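Let me begin by presenting the structure, written as structure tokens, before commenting on it.
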């Protein structure tokens, strides 16, 4: 980002120095956060495009003037003013301007959320870009947009305890998204058992268990036994609560871990076995299915070093 772009609008100027340059290192955008903080917000009005890259943090893009094009996981999103696009960590994406315009861009580190017992229930929202607007998510949009605008105001005001306040707003937003997601996808209305609180608690615990053991040879029979269900009953409940099959969830979790390792020098074969796959062919096939590119192609894309 050019210096002139950052300080063009005084009320959104970054207080700290050293934020006027972004570095693409090994295909990952190296981000300077405020000292010892875990969130970064830009008022971005540049007309240049951003090349293909990824982050270790959640990225949120909200145009405020003119359209903005985001290509993520080979899907194209033409964002209108006010649209909110969530780009999960590790997702390859590029940004294309449609002429002059402006947008807020958020980068939020999510590591601490993984310590929360029920955050794993939102994992399906962290594997694909998620668009929130008046058309796609009408009952959710207004509250989420308001939350992010409050975060903007608090970030640039920099009052005492600003980061804590920002994360309190963000957590409230995540809570609303979780409630809406679980209401729509987390249970089948025709299943009287799906919405019982004990099942919600059990599945939150289960997803944490899978997260701790996904590199092992987990089977449907094992996890069904861990939950105390027959595998047929478990399969149905898992699909109702997580909106995907157990094996689909397990493979996606393994691929997510592999994406991180592909930024390292580790061989692709070693990555396959380290993330729980028992052969290279299966790993490559699954990786292609969930990321739209092969492990070699992904490594090549994130291996480009570019400076802006």
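Residue numbers (this note's numbering): 20 to 327. Ideal Cβ placement from N, Cα and C applies to all residues, glycine included. Note that the structure is a prediction, hence the values are computed from the model and not measured.
Subject >> Where the alpha helix (DSSP H) through residue 287 begins and ends >> reply: Locating residue 287 in the chain shown gives position 268, where the first residue counts as 1. Run containing residue 287: 287-293, per the alpha helix (DSSP H) assignment.
Original post:
In this structure, does DSSP put residue 199 in helix, strand or coil?
Top reply: Sequence index remark: in the chain shown, residue 199 carries index 180 (1-based). Here residue 199 sits in helix by DSSP.
Subject >> Residues near residue 142 in its chain [Cβ-Cβ closer than 7 Å; skip 5 each side] >> reply: Residue 142 sits at position 123 when you count from the first residue of the chain shown. So the qualifying residues of the chain are 226.
**OP:** Mark residue 310 as exposed unless 16 or more other C-beta atoms lie within 10 angstroms of its C-beta, in which case mark it buried.
**Re:** As a first step, residue 310 must be located in the chain shown, where it is residue number 291. Residue 310 should be labelled buried.
**OP:** Report the option in 159, 221, 251 and 90 whose CA atom is closest to the CA atom of residue 198.
**Re:** Counting from one through the chain shown, the residue named residue 198 turns up at place 179. Looking at the Cα atoms, 159 is the closest of the given residues.
**OP:** Measuring alpha carbon to alpha carbon, tell me which of 168, 223, 172 and 273 ends up nearest residue 237.
**Re:** Locating residue 237 in the chain shown gives position 218, counting from the first residue. Taking only the C-alpha atoms, the option nearest residue 237 is 273.
Original post:
In the structure shown, what three-state DSSP assignment does residue 311 receive?
Top reply: Here residue 311 is taken as the residue at index 292 of the chain shown, counted from 1. Residue 311 falls in the coil class under three-state DSSP.
Original post:
In the structure shown, what three-state DSSP assignment does residue 26 receive?
Top reply: The sequence position of residue 26 within the chain shown is 7, counting from 1. Here residue 26 scores only 38 on pLDDT, less than 50, and its place in the model should not be relied on; the value that follows carries that caveat. If DSSP states are grouped into helix, strand and coil, residue 26 belongs with coil.
Subject >> Residues near residue 162 by beta carbon distance below 6 Å, same chain, minus five either side >> reply: Locating residue 162 in the chain shown gives position 143, where the first residue counts as 1. Cβ neighbours of residue 162 beyond the five flanking positions: 195.
Subject >> residue 66 versus residue 114: straight-line alpha-carbon distance, rounded >> reply: Taking the first residue of the chain shown as 1, we reach residue 66 at position 47. Taking the first residue of the chain shown as 1, we reach residue 114 at position 95. Each residue's alpha carbon lies about 10 Å from the other.
**OP:** Rounded to whole angstroms, what's the CA-CA distance from residue 209 to residue 224? Just pull it up for me.
**Re:** Here the question's residue 209 lines up with position 190 in the chain shown. Here the question's residue 224 lines up with position 205 in the chain shown. Model confidence at residue 209 stands at a pLDDT of 46, short of 50, so the residue's coordinates are unreliable and nothing is read from them.
**OP:** Indicate whether residue 77 and residue 87 have their beta-carbon atoms separated by less than 8 Å.
**Re:** For the purposes of this step, residue 77 is taken as residue 58 along the chain shown, with counting starting at 1. For the purposes of this step, residue 87 is taken as residue 68 along the chain shown, with counting starting at 1. Going by beta carbons, residue 77 and residue 87 fall outside the 8 Å limit.
**OP:** Let me know the alpha helix (DSSP H) ranges lying completely inside the stretch 234-271, each 4 residues or longer, listed in chain order.
**Re:** Counting only runs of 4+ residues, the alpha helix (DSSP H) found wholly inside the stretch 234-271 occupies 239-246 and 250-261, in chain order.
Original post:
Within the chosen definition, does the stretch 116-127 reach the stretch 248-261 through at least 3 CB pairs nearer than 8 Å?
Top reply: Too few Cβ pairs lie closer than 8 Å, so no.
Subject >> Residues bridged to residue 125 (per DSSP) >> reply: Taking the chain shown and counting its residues from 1, one reaches residue 125 at position 106. Note: residue 125 sits in a beta bridge opposite 60 and 79.
Original post:
The beta strand (DSSP E) spanning residue 95 covers which residue range?
Top reply: Residue numbering aside, residue 95 sits at position 76 when the chain shown is read from its first letter. Taken as a continuous stretch (DSSP letters only), the beta strand (DSSP E) holding residue 95 covers 94-98.
Original post:
Quick one: Cα of residue 56 to Cα of residue 240, how far?
Top reply: By one-based count along the chain shown, residue 56 stands at place 37. By one-based count along the chain shown, residue 240 stands at place 221. Spanning the alpha carbons of residue 56 and residue 240 requires a straight line of approximately 43 Å.
**OP:** Could you say which of 245, 180 and 101 lies nearest to residue 229 if we only look at CA atoms?
**Re:** Start at 1 with the first residue of the chain shown, and residue 229 comes out as number 210. Nearest to residue 229 by C-alpha distance, out of 245, 180 and 101, is 245.
**OP:** Specify whether the stretch 273-285 and the stretch 299-319 touch according to this definition: at least 3 beta carbon pairs, one from each stretch, less than 8 Å apart.
**Re:** Segments in contact, yes.
Subject >> Beta-carbon proximity check, residue 111 vs residue 133, cutoff 8 Å >> reply: As a working note, residue 111 is residue 92 in the chain shown. As a working note, residue 133 is residue 114 in the chain shown. No; because the gap between Cβ atoms is not below 8 Å, this pair is not in contact.
**OP:** Within its chain, find whatever has a CB closer than 7 Å to the CB of residue 221; leave out the 5 residues flanking it on each side and keep chain order.
**Re:** In the chain shown, counting from the first residue as 1, residue 221 sits at position 202. Apart from the 5 residues on each side of it in sequence, residue 221 sits with its Cβ closer than 7 Å to the Cβ of 246 in its chain, given in chain order.
Subject >> Backbone secondary structure at residue 284 - three-state DSSP >> reply: Reading the chain shown from its first residue, position 265 is the one you call residue 284. For residue 284, the three-state secondary structure derived from DSSP is coil.
**OP:** Identify, in the order they occur along the chain, each residue of the same chain with its Cβ nearer than 6 Å to the Cβ of residue 109, setting aside the five sequence neighbours on each side.
**Re:** Position 90 of the chain shown holds residue 109. The residues 73 and 278, in chain order, have a CB closer than 6 Å to that of residue 109 in the same chain once the five nearest residues on each side in sequence are set aside.
**OP:** Starting from residue 142, trace the beta strand (DSSP E) both ways and give me its first and last residue.
**Re:** Here residue 142 corresponds to residue number 123 of the chain shown, with the count starting at 1. Run containing residue 142: none; DSSP gives neither H nor E here.
**OP:** Identify every residue that forms a DSSP beta bridge with residue 115.
**Re:** Working through the chain shown from its first residue, we reach residue 115 at position 96. Answer is 88.
Subject >> Rounded distance between the beta-carbons of residue 104 and residue 148, thought under 8 Å >> reply: For the purposes of this step, residue 148 is identified with residue 129 of the chain shown, where counting begins at 1. For the purposes of this step, residue 104 is identified with residue 85 of the chain shown, where counting begins at 1. Residue 104 and residue 148 do touch by the CB rule: their CB atoms are close to 6 Å apart, below 8 Å.
**OP:** Give the secondary structure of residue 159 by DSSP, where H, G and I count as helix, E and B as strand, and everything else as coil.
**Re:** Here the question's residue 159 lines up with position 140 in the chain shown. Residue 159: helix per DSSP, three-state reduction.
Subject >> CA-to-CA distance, residue 260 to residue 294, given in whole angstroms >> reply: For the purposes of this step, residue 294 is identified with residue 275 of the chain shown, where counting begins at 1. For the purposes of this step, residue 260 is identified with residue 241 of the chain shown, where counting begins at 1. Rounded to whole angstroms, residue 294 to residue 260 spans 24 Å at the Cα level.
Subject >> Span of the beta strand (DSSP E), counted from its first residue to its last, around residue 72 >> reply: In the chain shown, residue 72 corresponds to position 53, counting from 1. From DSSP, the beta strand (DSSP E) with residue 72 extends over 69-72.
Subject >> CB of residue 175 within 8 Å of CB of residue 31, strictly >> reply: Here residue 175 refers to the residue found at position 156 when the chain shown is read from its first residue. Here residue 31 refers to the residue found at position 12 when the chain shown is read from its first residue. Yes, they are a contact pair.
Original post:
Are residue 167 and residue 106 close, meaning C-beta to C-beta below 8 Å?
Top reply: Numbered from its first residue, the chain shown carries residue 167 at position 148. Numbered from its first residue, the chain shown carries residue 106 at position 87. No, they are not a contact pair.
Original post:
Among the residues of its own chain, which have a CB less than 7 Å from the CB of residue 318, if the five just before and after it don't count?
Top reply: On the chain shown, residue 318 is found 299 positions in, with the first residue counted as 1. Cβ neighbours of residue 318 beyond the five flanking positions: 281.
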